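Only one structure is covered here, and it is reproduced in the block below.
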Ligand code: G3P
Ligand code: CA
């Protein structure tokens with residue numbers, strides 16, 4: 006069975022990328038949790054999807070322009086707080102795999118530092134997978150720490166993702182599910198990559214991904230997996 010991975014926690018049920026959403030995903034006994042990170046102006050990694058605050062908070066402007074102190078004063082969907090990556094890792098506490106998507110620019114170095122600290126505290130490198138659409142960030146992680154498992158995200162071209170994955174010794178390809186066929190999933194796995202696909206929400210699409218024998222399914226509704 007593919008790993009069941011909660012997208013931004015359990016986005017289908019609770020405000021995305023919040024501690025409440027991650028708790029909900031853990032309650033569904035997920036094998037993994039996917040989250041997005043940005044570097045804020047005071048240097049911490051915060052767990053947030055968009056580059057701007059406007060869609061889901063009472064703030065406005067670019068996440069990267071605000072200090073952690075300023076971000077903590079905002080509310081997400083009127084009741085939740087923006088968490089730091091450390092707050093989320095402390096909540097997850099080794100209970101499942103953590104897929105950290107480097108969404109913002111200049112996130113690689115801070116992410117490597119945090120992963121190293123958690124490994125020193127008893128986590129395994131294999132409890133993490135760092136993914137990104139941004140090749141520069143993934144290259145940066147590869148340069149800093151070869152132990153960090155990497156995943157190449159793609160929504161457009163599986164072959165291009167594999168070609169790039171070879172250059173950074175990535176462990177996984179993370180394609181949008183619409184790119185996949187039984188044949189190309191197998192071909193990707195035969196090249197030595199895990200295939201973790203997103204964001205698979207309907208029963209029909211989940212059944213198709215199961216049939217294709219993908220390695221992980223990232224869903225807003227991880228309880229449906
Ligand atoms: O990591 C898979 C998926 O989360 C990528 O797209 O926009 O939901 O971050 P997005
Ligand atoms: Ca994401």
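In my numbering, the protein residues as written are 6 to 230.
Where a beta carbon is used, it is the ideal one built from N, C-alpha and C, also for glycine.
Note that this is a predicted model, so its numbers are computed, not measured.
If you pair each beta-carbon of the region 108-127 with each one of the region 175-193, do three or more pairs fall below 8 Å? Contact between the region 108-127 and the region 175-193 is absent, because fewer than three Cβ pairs lie under 8 Å.
Among all the DSSP beta bridges, which residues are the ones paired with residue 12? Answer is 39.
Is the beta carbon of residue 96 sitting closer than 8 Å to the one on residue 103? Contact flag unset, no.
Continuous alpha helix (DSSP H) stretch holding residue 157: start and end: That residue, residue 157, is in no alpha helix (DSSP H); its beta strand (DSSP E) goes 155-159.
Report the three-state DSSP secondary structure of residue 21 (helix, strand or coil). Three-state result, residue 21: coil.
Between 86, 123, 108, which has its C-alpha nearest residue 136's C-alpha? The shortest Cα separation from residue 136 among 86, 123, 108 belongs to 108.
What would DSSP say about residue 201, mapped onto helix, strand or coil? In the displayed model, residue 201 falls within a strand according to three-state DSSP.
Look at residue 202 and residue 216 and say whether their C-beta atoms are less than 8 Å apart. No.
Which same chain residues, not among the five before or five after residue 143, have their C-beta less than 6 Å away from its C-beta? Taking C-beta separations shorter than 6 Å and ignoring five residues to either side along the sequence, the partners of residue 143 in its chain run 137, 155, 173, following chain order.
Around ligand 2, what residues have a beta-carbon under 6 Å from a heavy atom of it, in chain order? Those residues are 39, 41, 106, given in chain order.
For residue 101 and residue 8, what's the separation of their Cα atoms in angstroms? When rounded, the distance between both Cα atoms is 10 Å.
Do you know how far the Cα of residue 165 is from the Cα of residue 115? Distance between residue 115 and residue 165, taken at the CA atoms: about 27 Å.
Burial state of residue 20, where buried means 16 or more other Cβ atoms lie within 10 Å: Buried, by the Cβ-count rule.
Cβ neighbours of residue 73 in the same chain (closer than 6 Å, five flanking residues each side left out): Around residue 73: 45, 47, 49.
Count the other C-beta atoms from every protein chain shown that fall within 10 angstroms of the C-beta of residue 193, then say buried if there are 16 or more, exposed otherwise. The Cβ neighbour count for residue 193, taken over all protein chains shown within 10 Å, is at least 16; the residue is labelled buried.
Alpha-carbon to alpha-carbon, residue 117 and residue 131: Whole-angstrom Cα-Cα distance: 14 Å.
Taking the alpha-carbon positions, what's the residue 220 to residue 123 distance? Rounded to whole angstroms, residue 220 and residue 123 show a C-alpha spacing of 25 Å.
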